[in-house]
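Notes follow once the structure below has been shown.
Residue numbers (the working numbering): 58 to 316.
Listed below in structure tokens is the structure:
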């Protein structure tokens, strides 16, 4: 195995109408268009890049915690895309140089920030949250505004400046107003950031050869996102197809050799 890049950040949650108006203008709300989505990126002065990940129009922020004493988030859209809010990961790419260690160092690094989110959320699996206006200004949020967060069991207003590494916070703080220039309302005061988004993709890769088999275990075919060969649903599906084809080809080669 080897360590690989992944990303850290927050979930950002807007009223769906704000995104619809920014993207569709006077056609916002048209039944043939449905809920608008977006993909954004900003290259920061500190060398990092802030980008949107897993954008969920008309969706919800969901609890994805898999271990006790830790909190991390994800997002989903139902088929109807009819919920009140839009949400997306707003994340910063990191590399193995940011979390020095062996192949499992990235998992340890993720756990540090998931434990911090648990603490900031009050220790009861509520997620820590902050209004974008307060986050940009560098002050703690003491209450929520007009945007009602969808995360269950709830969002605790706090200061997210210690929820992630300093360079990630700096990059997001710089990036939000810049993205607002492209999508009006993206950085409006009451928009909610919910922490943390730590599992954009696997932090390790199980190495494989050109024939898709493990480099040191014949007959083992590492596939999909968990072993580091995808970054989402579609890419994981494509990798699965390619691995299945490799398995079939290998079986045919073995049969031909014994015929």
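For each residue, glycine too, the CB sits at the ideal point set by N, CA and C.
- When 225, 177 and 197 are compared against residue 211, the one with the closest alpha-carbon: Nearest in C-alpha terms to residue 211, of all of 225, 177 and 197, is 177.
- Item | Bridge partners - residue 65, DSSP secondary structure assignment | Paired residue(s): 149.
- Does the region 179-195 come close enough to the region 136-153 to have 3 or more Cβ pairs within less than 8 Å? Under the Cβ criterion (8 Å, minimum of three pairs), the region 179-195 does not count as touching the region 136-153.
- Is the CB-CB distance between residue 129 and residue 64 below 8 Å? Between residue 129 and residue 64, the gap from beta carbon to beta carbon reaches 8 Å or more.
- Decide if residue 273 is buried, meaning its Cβ has at least 16 other Cβ atoms within 10 Å, or exposed. It counts as exposed.
- From 226, 221, 121 and 260, pick the residue whose C-alpha is nearest to that of residue 158; which is it? Distances from the alpha-carbon of residue 158 to those of 226, 221, 121 and 260 put 260 closest.
- Query: Skipping 5 residues on each side, what residues in its chain have a beta carbon closer than 8 Å to that of residue 213?
  - Reply: Closer than 8 Å at the Cβ level, and outside the excluded window around residue 213, lie 177, 178, 179, 183, 184, 185 and 186.
- Query: Among the residues of its own chain, which have a CB less than 8 Å from the CB of residue 317, if the five just before and after it don't count?
  - Reply: Nothing about residue 317 can be reported from this structure: the residues present for the chain run from 58 to 316 only.
- Which first and last residues belong to the beta strand (DSSP E) in which residue 110 is found? From DSSP, the beta strand (DSSP E) with residue 110 extends over 106-120.
- Beta-carbon gap between residue 149 and residue 116 smaller than 8 Å: No; because the gap between Cβ atoms is not below 8 Å, this pair is not in contact.
- Residues bridged to residue 180 by DSSP? BP columns for residue 180 are empty, so no partner.
- Task: Report yes or no: do the region 262-282 and the region 295-306 share at least 3 C-beta pairs separated by less than 8 Å?
- Result: Between the region 262-282 and the region 295-306, the count of Cβ pairs shorter than 8 Å is three or higher; the stretches touch.
- Message: Under 8 Å: do the region 227-247 and the region 94-105 share three or more Cβ pairs, one atom per stretch?
- Response: Contact holds: three or more Cβ-Cβ distances are below 8 Å.
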